[in-house]
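**Student:** This is the structure, below, for whatever I ask next.
Protein chains: 2
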Amino acid sequence: MEKVNLSEKFSLFTNHWEPKIVGELNEQYVKLAKLKGEFVWHQHENEDELFMVIKGSLTIKLREKDICLSEGEIFIIPRGVEHLPVAEKEVHVLMFEPKGTVNTGNTESYKKIDLLEKL
Amino acid sequence: MEKVNLSEKFSLFTNHWEPKIVGELNEQYVKLAKLKGEFVWHQHENEDELFMVIKGSLTIKLREKDICLSEGEIFIIPRGVEHLPVAEKEVHVLMFEPKGTVNTGNTESYKKIDLLEKL
């Protein structure tokens, strides 16, 4: 049982769009990711997904509106809702989602991360 | 579907040891709380519990050691592990736990919060 220091964990990786697992509870993972640029439109059929911005700014595009998140802001994307994360500059995010969640959701064409790295 | 600004939500209440619900996903609640002083030793039989310090410092006493958390630090208390949160000065925390979790865990003698307030 050790604490997790977010800054320290973020210093351990540089790749974008590759979430790292930093905690686990109640069949959910706490993940950290660095995002930059545009991801792909996707949805998660059976999982709600939480994004919390730790550093920088993130836009989560939904079909009907854009959600612009700054540091200290959280957004929960309900299951089944199409979304597209976009970050003009690098942003550090904390994510919270069930263990089985694949970051590209229903989008088969995009590279899947089969084995998530634990930090 | 609205974002949650943590600072704004924390400005809406002052009471200590009364977590407020600010989000819900996958049968879990995201809660915010202001803590000051000492709680009671307790454990949650069936739920793991996450604490993230947003502002200030928090000590989570375990039977075998103390975990000292500063801003940007997370600690997950596994189910069944006795713990005692202590905050010398007021601390703002984010908590993540299953919907059914009662903040005092197994400790019947302490006032239970029957109806959690949503902000």
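Listed in order, the protein sequences are those of chains A and B. Numbering (the working numbering) for the first sequence: 1 to 119. Numbering (the working numbering) for the second sequence: 1001 to 1119. All C-beta atoms, glycine included, are put in the ideal place defined by N, C-alpha and C.
1) Contact between the region 47-55 of chain A and the region 1032-1041 of chain B is defined here as three or more beta-carbon pairs at a separation below 8 Å; is this criterion met?
2) To the nearest angstrom, how far is the alpha carbon of Val-4 (chain A) from that of Cys-1068 (chain B)?
3) Asn-1015 (chain B) CB to nearest chain A CB: under 8 Å?
4) What is the rounded straight-line gap between the Cα of Lys-9 (chain A) and the Cα of Val-22 (chain A)?
5) Please state if the CB of Asn-1026 (chain B) and the CB of Arg-1079 (chain B) are separated by a distance shorter than 8 Å.
6) How many angstroms separate the CA atom of Gln-1043 (chain B) from the CA atom of Val-1091 (chain B)?
7) If Glu-1097 (chain B) and Leu-1062 (chain B) are in contact, beta carbons under 8 Å, what's the gap, nearest whole angstrom?
8) Going along chain B in order, which residues have a C-beta closer than 7 Å to the C-beta of Asp-48 (chain A)?
9) Taking the C-alpha atoms as reference points, what is the distance between Glu-82 (chain A) and Val-102 (chain A)?
10) At 8 Å on the CB atoms, spell out the chain A contacts of Asn-1072 (chain B), in chain order.
11) Helix, strand or coil, according to DSSP, for Phe-51 (chain A) in the structure here?
12) Of the choices A:Ala-87, A:Glu-73, A:Ser-7, whose alpha-carbon is the least far from that of Leu-58 (chain A)?
13) Over the uninterrupted alpha helix (DSSP H) stretch that includes Lys-9 (chain A), give me the two end residues.
**Tutor:** Walking through what the data contain:
1) The region 47-55 of chain A, when compared against the region 1032-1041 of chain B, does not touch it at the 8 Å Cβ threshold.
2) 11 Å
3) With its beta carbon at least 8 Å from every one in chain A, Asn-1015 (chain B) lies outside the interface.
4) 8 Å
5) Contact flag unset, no.
6) 21 Å
7) Actually they are not in contact, since the Cβ atoms of Glu-1097 (chain B) and Leu-1062 (chain B) sit about 17 Å apart, beyond 8 Å.
8) Leu-1025, Asn-1026
9) 14 Å
10) For the sequence presented, residue 1072 (chain B) should be read as Gly rather than Asn. Within chain A, the residues near Gly-1072 (chain B) are Asn-5, Leu-6, Ser-7, Ile-54.
11) strand
12) Looking at A:Ala-87, A:Glu-73, A:Ser-7, the one whose alpha-carbon comes closest to that of Leu-58 (chain A) is A:Ala-87.
13) 6-10
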